[in-house]
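Only one structure is covered here, and it is reproduced in the block below.
2 protein chains.
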Amino acid sequence: MVVFCRGREGPRVFRTLCGWAAMALFLSTYTNKVDKKGRVSVPASFRAALAEQLVQGIVVFCSHQHDCLEGFDWAKMDEIGDRLDHYDLFSDDQDDLATTVFGESVQLFFDGEGRVVLPADLMEAAGIGESATFVGLGRKFQIWSPDRFEERKNRARAAVRDKGLTVPKGGEGRS
Amino acid sequence: MVVFCRGREGPRVFRTLCGWAAMALFLSTYTNKVDKKGRVSVPASFRAALAEQLVQGIVVFCSHQHDCLEGFDWAKMDEIGDRLDHYDLFSDDQDDLATTVFGESVQLFFDGEGRVVLPADLMEAAGIGESATFVGLGRKFQIWSPDRFEERKNRARAAVRDKGLTVPKGGEGRS
DNA sequence: TGGATATTTATGGGATAGCATGGGTTTATT
DNA sequence: AATAAACCCATGCTATCCCATAAATATCCA
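Heads up: the protein sequence lines correspond to chains A and B, in order.
Per the working numbering, the first sequence starts with residue 1, numbered consecutively.
Per the working numbering, the second sequence starts with residue 1001, numbered consecutively.
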């Protein structure tokens, strides 16, 4: 990974800085290998979506709904920090939320090649072994064991079809 | 913004200068050993979050809701002072809070290796023995006995689920 | 347009620096 | 002088950096 902001940058770099950066959406799914050291390449398009936040890496924690990891960018995390800050400093709710949201998440930095190291405990929790599947979900993404994701995908697809789910208009549909 | 990832100092320096230092967020949990002298390494990422603080150290006091220690940086301590100011100046509540928060808090400085010495009475109050667990909670952090934190974590998780707690104001903390 | 050349991506492995940890020695404190 | 606190040095371990490769894309130029 190289982020050059000077010199004669080609169309690609430009697109990275302007085109994709504006969108900043995590799309499609990619399956990459996890080496002995626990390193995985974050899909290049995901990295592009992070654009200016590349240096801060990504924030990851264990999902409470699925057997997978949830990931998003640092800005999101910072925003959550601000919001929690508006609670009473020592309220129970604030504490409970902060403990689960912050206490259990990890900031992962990119190495020179655009990889991150998945902590062993998180890998285990998500059942990730030889390879990991990155699933783009717009503003966030998930990291799955390839097998488990296959099941998940089928179930999700079935649910959409059966219930006739659609994308809600405007605002934030549900939390 | 110029983002340079190459060169002698490498990403680490940049990360320290821009990434962490700019937005001090305490993340994840780390368990470190306490030696005979009462010294513990403060997690490196926590130290990085404090980086720009003039006073190189942390402020710690005994939590009055949990069996743990609460830790802050100096800036946060200032802010607590401000918040307490909004109480009636001579109210009992103000007095009580100020007494516990300020009267019982200790400032701990780092040694050359990034450790602090936990005062014996605080360790005892929090039930900390051989090792201590640092829990990042965004703008503040806590220090626990590893065992007790394990329970606490589960309880917090349950509370979030049962009460349906979410990050206030549209932030979809996780889901 | 098509083939040669350069980039980018994903991957692997060795070298190195940083972190957590332990122990000793000097410097305050009273 | 006695005790504790701060400082300095030494150590594994592991995370991080750096270099190298192959495959896939993109770019260039005749």
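All C-beta atoms in this analysis are idealised placements derived from N, C-alpha and C, irrespective of residue type, glycine included.
What residues in the region 1121-1140 of chain B have a beta carbon less than 9 Å from any beta carbon of chain A? Taking 9 Å as the Cβ-Cβ cut-off against chain A, the residues of the region 1121-1140 of chain B that qualify are Val1135, Gly1136, Leu1137, Gly1138, Arg1139, Lys1140.
Is there at least one Cβ from chain B nearer than 8 Å to Ser41(A)'s Cβ? False, the Cβ-Cβ gap to chain B never drops below 8 Å.
Residue burial classification, Glu1124(B) (beta-carbon count within 10 angstroms, cutoff 16): Exposed is the call here.
State the DSSP-derived secondary structure class of Lys1037(B), mapped to helix, strand or coil. DSSP, read as helix, strand or coil, puts Lys1037(B) in coil.
Could you list which residues in chain A have their beta carbon closer than 7 Å to that of Gln1094(B), in chain order? Those within 7 Å of Gln1094(B) in chain A number zero; the least Cβ separation is about 14 Å.
To which residues of the same chain is Val117(A) closer than 6 Å at the C-beta, ignoring the five residues directly before and after it? Excluding sequence neighbours, Val117(A) sits near Gly38, Arg39.
Check Ala158(A) in the structure and name its three-state DSSP category. The answer is helix: DSSP assigns Ala158(A) an H, G or I state.
Would you say Leu25(A) lies against chain B (beta-carbon separation less than 8 Å)? By this cut-off, Leu25(A) is not an interface position.
Under 9 Å from the C-beta of Ile1080(B): neighbouring residues of chain A: Within chain A, the residues near Ile1080(B) are Leu89.
Identity of the residues DSSP links to Val1117(B) by a beta bridge: DSSP lists Arg1039(B) as the beta-bridge partner residues of Val1117(B).
Select from Cys62(A), Phe26(A), Tyr30(A) the residue whose C-alpha is nearest the C-alpha of Ala48(A). Comparing Cα-Cα distances from Ala48(A) to each of Cys62(A), Phe26(A), Tyr30(A), the minimum goes to Phe26(A).
Ala21(A) to Lys76(A), Cα distance in whole Å? Confidence at Ala21(A) is low in this model, with a pLDDT of 38, below 50, so the placement of that residue is unreliable and no value is reported for it.
Could you name the residues that DSSP lists as bridge partners for Cys1062(B)? According to DSSP, Cys1062(B) bridges with Leu1069(B).
DSSP state of Gly1112(B) mapped onto helix, strand, coil: Coil at Gly1112(B), not helix or strand.
Counting only beta-carbon separations shorter than 8 Å, does Ala1048(B) have a partner in chain A? It does not; no Cβ of chain A falls within 8 Å.
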